[in-house]
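So the structure is just underneath, and the comments pick up after that.
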Amino acid sequence: MNKYSLTYAQQLDSQDPLAEMRQQFSIPKQDNGDEEYYFTGNSLGLQPKLAREYVIEFLDAWQARGVKGHFEGDYPWMPYHEFLTEQAAQLVGAQNNEVVMMNSLTANLHFMMVSFYQPQGKRTKILIEDHAFPSDHYAVASQLKHHHQNLDENMLLWQPRQGEELLNHDDLYKIIAEQGDEIALILLPSVQYYTGQVLDMKTITEKAHAKGIKIGFDLAHAVGNIELSLHDWQVDFACWCSYKYLNAGAGSVAGCFVHQQHAQNTELNRFAGWWGHDKATRFKMDNNFKAMPTAEGWQLSNPPVLSLAAIRGSFDVIKMAGGIKALRQKSLKLTQYLLDLLNQELNGKITVITPTAEHQRGCQLSLMINKQLIGELGIDGKTVFNRIEAKGVTTDWREPNVIRVAPVPLYNSYADIYHFVRILKECLV
Ligand SMILES: *Cc1c(COP(=O)(O)O)cnc(C)c1O
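Have a look at this one:
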């Protein structure tokens, strides 16, 4: 059967148990009033109507109660971050005592490195991937500098092979086998932001630990996208933001995971603040820091409840959909449908650099327009991106040559994908 028809896409939508979830979101509109074909949930998730509602509830409570809002109402501010713990833990496969929503992603990476990067003797190196997100790269470089470690010698880069886009795990295992004794920390993404490649976190963690290396993951593109089992995999720490697949709004409060075996170690070096201090005695104000034996022990400040309220709205919507398992189930089909249509309709015109095997990809596909074709058309990849945008498709462009497209199971439809491929095809002639 020909999959490339609006009728076929609409039939898939009518059979989709999560189709109704789209109603929980506000979908941006094109100039002509039609809804956009929005494929950038990997960069900024759309607004859940509940997020808006809970933010307004918070503003009302503040207006009505002033300082008493800390303790009064259904969702008092003092323990507000705790209302998010269980769902955050489920999203990353953790125990409740291993996660906390706090700060921002890059800030949390630094705070985790304060605890997990402690160069000693010849074990001084940090291993990252060559195409790490700039913020992660800068954070690692500045940690090395902070510890007076020479950058050239101590920042190890795991690179794709010559002429390849994807990271090859064997190359990483070779670096670990050969230089493992000198590596103090490995920091890797779970889903690579440019290619969409999912790394084998379980095996990588085992290999790192076998050599006595601490390992942390940046889950920015993984949380809310794929299933994770941080506790069982024995990952040491992980950090993620909440505005991509978690739909909590630009710059919203981030998440952090510290494995129980470390969280319980209250002697572990850290940068401390009063919100990480034992709850029972926090307000005694006696200046004897006593870290909580959980991930909360890394908190510094009382958190911005305005932002936590948006996260609560977003988490409630994810829960309504059946959690990450249900999202992933739909996501695999949705992205497969996109792959199928691209293969069928644009074969030879575009290349998908994202791995196609299910366990190696999430929602996102990264597309490259065939160089020869754009030469013939006398345009460049960026122009194609601009053309589809003018026709109501929101994707994103990543230098040097990639269009990232992320169908999101919470609000994207099969019809959205049909229209994306139709429009891309129209723009490639
Ligand atoms: C989105 C993203 C960031 C953004 O960092 P912020 O501190 O939230 O600004 C960092 N790292 C990765 C891998 C990302 O994808």
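Per the numbering used here, the sequence shown runs over residues 1252 to 1680. Backbone N, C-alpha and C define an ideal beta-carbon position, used for all residues, glycine too.
Asn1498 and Pro1299 closer than 8 angstroms at C-beta: Your numbering for residue 1498 matches position 247 in the sequence shown. Your numbering for residue 1299 matches position 48 in the sequence shown. Contact: yes.
According to DSSP, residues forming a beta bridge with Lys1280: For the purposes of this step, residue 1280 is taken as the residue at position 29 of the sequence shown. Answer is Glu1286.
Any idea what DSSP makes of Ala1260, helix, strand or coil? Along the sequence shown, read from residue 1 onward, the residue named residue 1260 stands at position 9. The answer is helix: DSSP assigns Ala1260 an H, G or I state.
Between Phe1367 and ligand 1, is the CB less than 7 angstroms from at least one heavy atom? To locate residue 1367, count along the sequence shown from 1; it is residue 116. No, the beta carbon of Phe1367 sits no closer than 7 angstroms to any heavy atom of ligand 1.
Can you list, in chain order, the stretches of the alpha helix (DSSP H) that have 4 or more residues and sit fully within the segment 1341-1422? 1356-1367, 1385-1397 and 1402-1405, all fully within the segment 1341-1422.
Euclidean distance between Cα positions of Ser1558 and His1398: For this step, residue 1558 is matched to residue 307 along the sequence shown. For this step, residue 1398 is matched to residue 147 along the sequence shown. The straight-line gap from Cα to Cα measures roughly 33 angstroms.
Nearest by alpha-carbon distance to Leu1597: which of Arg1579, Val1509, Gly1527 and Cys1678 is it? Here residue 1597 is taken as the residue at index 346 of the sequence shown, counted from 1. In terms of CA proximity to Leu1597, Cys1678 leads the group Arg1579, Val1509, Gly1527 and Cys1678.
With respect to 7 angstroms, is the separation between the Cβ of Thr1357 and the closest non-hydrogen atom of ligand 1 below this value? Here residue 1357 is taken as the residue at index 106 of the sequence shown, counted from 1. Within the cutoff, so yes.
Which one or two residues does DSSP pair with Arg1449 in a beta bridge? The residue labelled residue 1449 in the question sits at position 198 within the sequence shown. Just to set this straight, residue 1449 is Val in the shown sequence, not Arg. Val1449 pairs with Val1442.
In chain order, what residues of the same chain lie with their CB nearer than 7 angstroms to the CB of Gln1261, ignoring the 5 residues before and after it? Numbered from its first residue, the sequence shown carries residue 1261 at position 10. Sequence-distant Cβ neighbours of Gln1261 in its own chain, meaning closer than 7 angstroms and more than five residues away, are Ala1666.
Reduced DSSP secondary structure (H/G/I, E/B, other) of Thr1454: Position 203 of the sequence shown, counting from 1, holds the residue named residue 1454. It is helical.
Measuring from the CB of His1472, is there a heavy atom of ligand 1 at a distance below 7 angstroms? Taking the sequence shown and counting its residues from 1, one reaches residue 1472 at position 221. Relative to ligand 1, the nearest heavy atom lies less than 7 angstroms away from the CB of His1472.
Let me know if Tyr1669 comes out buried or exposed under the rule of 16 or more other beta-carbons within 10 Å of its beta-carbon. The residue given as residue 1669 occupies position 418 in the sequence shown. Classification for Tyr1669: buried.
Supposed close pair Leu1616, Leu1589 - CB separation, criterion 8 angstroms: Along the sequence shown, read from residue 1 onward, the residue named residue 1616 stands at position 365. Along the sequence shown, read from residue 1 onward, the residue named residue 1589 stands at position 338. Between Leu1589 and Leu1616 the Cβ distance is about 6 angstroms, and since that is below 8 angstroms, they are a contact.
Determine whether the beta carbon atoms of Leu1418 and Glu1478 lie at a separation below 8 angstroms. On the sequence shown, position 167 is the one that residue 1418 refers to. On the sequence shown, position 227 is the one that residue 1478 refers to. Their beta carbons are not under 8 angstroms apart, which means Leu1418 does not touch Glu1478 by this criterion.
Quick check on this structure: which residue in His1513, Gln1314, Arg1521 and Gln1550 has the alpha carbon closest to the alpha carbon of Lys1530? Looking up residue 1530 in the sequence shown gives position 279. For Lys1530, the closest of His1513, Gln1314, Arg1521 and Gln1550 by C-alpha to C-alpha distance is Gln1550.
If distances are taken between C-alpha atoms only, which option among Ala1542, Gly1564, Lys1581 and Val1449 comes closest to Gly1500? On the sequence shown, position 249 is the one that residue 1500 refers to. Out of Ala1542, Gly1564, Lys1581 and Val1449, the CA that lies nearest to the CA of Gly1500 is found in Gly1564.
If you check the beta carbons only, do His1513 and Lys1495 fall under 8 angstroms apart? Your numbering for residue 1513 matches position 262 in the sequence shown. Your numbering for residue 1495 matches position 244 in the sequence shown. Not a contact, by the Cβ cut-off of 8 angstroms.
Alpha carbon of Gly1613 to alpha carbon of Tyr1331, nearest angstrom: Position 362 of the sequence shown holds residue 1613. Position 80 of the sequence shown holds residue 1331. In this structure, the straight-line span from the alpha carbon of Gly1613 to that of Tyr1331 is close to 31 angstroms.
For Val1343, collect the residues of the same chain with a Cβ closer than 8 angstroms to its Cβ; drop the 5 residues on either side in sequence, then sort them by chain order. To locate residue 1343, count along the sequence shown from 1; it is residue 92. Cβ-Cβ distances below 8 angstroms link Val1343 to Val1350, Leu1470, Val1474, Leu1479, Leu1481, Ala1489, Trp1491, Gly1506 and Phe1508 in the same chain, with the five nearest sequence neighbours on each side left out; the list follows chain order.
If we count the other Cβ atoms within 10 Å of its Cβ and call it buried at 16 or more, is Glu1547 buried or exposed? To locate residue 1547, count along the sequence shown from 1; it is residue 296. Residue environment analysis places Glu1547 among the buried positions, since at least 16 neighbouring C-beta atoms fall within 10 angstroms of its C-beta.
Per-residue burial, Ile1307 [other beta carbons within 10 Å of its own, 16 or more giving buried]: Counted from its first residue, the sequence shown places residue 1307 at position 56. Label assigned to Ile1307: exposed.
Please tell me whether Leu1378 and Ile1455 are closer than 8 angstroms, where the distance is taken between their beta carbons. Taking the first residue of the sequence shown as position 1, residue 1378 is located at position 127. Taking the first residue of the sequence shown as position 1, residue 1455 is located at position 204. The Cβ atoms of Leu1378 and Ile1455 do not sit closer than 8 angstroms to each other.
When we look at the beta-carbon of Met1353 and count the other beta-carbons within 10 Å, is it buried (16 or more) or exposed? The residue labelled residue 1353 in the question sits at position 102 within the sequence shown. The residue in question, Met1353, is buried, as its Cβ has 16 or more Cβ neighbours within 10 Å.
Pick from Ala1641, Arg1673 and Val1680: whose alpha carbon is nearest that of Lys1280? As a position in the sequence shown, residue 1280 is number 29, starting the count at 1. Answer by Cα proximity: Ala1641.
Go through its chain and collect everything with a Cβ distance to Leu1407's Cβ below 8 angstroms, but skip five positions before and after it. Position 156 of the sequence shown, counting from 1, holds the residue named residue 1407. The residues are Lys1376, Ile1377, Leu1378, Ile1379, Ile1426, Gln1430 and Ile1434.
Gly1643 to Gly1296 span [Cα, whole Å]: As a position in the sequence shown, residue 1643 is number 392, starting the count at 1. As a position in the sequence shown, residue 1296 is number 45, starting the count at 1. The alpha-carbon atoms of Gly1643 and Gly1296 are separated by roughly 17 angstroms.
Hey, is Ala1392 close to ligand 1, as in C-beta under 7 angstroms from one of its heavy atoms? For the purposes of this step, residue 1392 is taken as residue 141 along the sequence shown, with counting starting at 1. No heavy atom of ligand 1 is found nearer than 7 angstroms to the CB of Ala1392.
Neighbour-count burial assignment, Lys1458, 16 or more Cβ in a 10 Å radius: In the sequence shown, counting from the first residue as 1, residue 1458 sits at position 207. Buried.
From which residue to which residue does the alpha helix (DSSP H) around Ile1639 run? The count along the sequence shown starts at 1 and reaches residue 1639 at position 388. Per DSSP, Ile1639 belongs to the alpha helix (DSSP H) from Gly1632 to Ala1641.
Rounded separation between Phe1322 and Leu1301 - CA only: Your numbering for residue 1322 matches position 71 in the sequence shown. Your numbering for residue 1301 matches position 50 in the sequence shown. Answer to the nearest angstrom: the Cα atoms are 22 angstroms apart.
CB of Leu1592 within 8 angstroms of CB of Val1672, strictly: Locating residue 1592 in the sequence shown gives position 341, counting from the first residue. Locating residue 1672 in the sequence shown gives position 421, counting from the first residue. Yes, the pair counts as a contact, with Cβ atoms nearer than the cut-off.
Buried versus exposed, by CB contacts within 10 Å (16 or more), Val1442: Position 191 of the sequence shown, counted from the first residue, corresponds to residue 1442. Buried, by the Cβ-count rule.
Check for me: the alpha helix (DSSP H) holding Ile1575 runs from which residue to which? Within the sequence shown, numbered from 1, the residue matching residue 1575 stands at position 324. From DSSP, the alpha helix (DSSP H) with Ile1575 extends over Gly1574 to Leu1597.
Return the residue from the list Val1449, Phe1468, Met1536 and Pro1555 that minimises the CA-CA distance to Phe1367. Position 116 of the sequence shown, counted from the start, is the residue given in the question as residue 1367. It is Phe1468 whose Cα lies nearest to the Cα of Phe1367.
Got a sec, what are the start and stop residues for the beta strand (DSSP E) Gly1506 sits in? Residue mapping note: residue 1506 aligns to position 255 of the sequence shown, counting from 1. Membership of Gly1506 in the beta strand (DSSP E) is indicated by the continuous run Gly1506 to Val1509.
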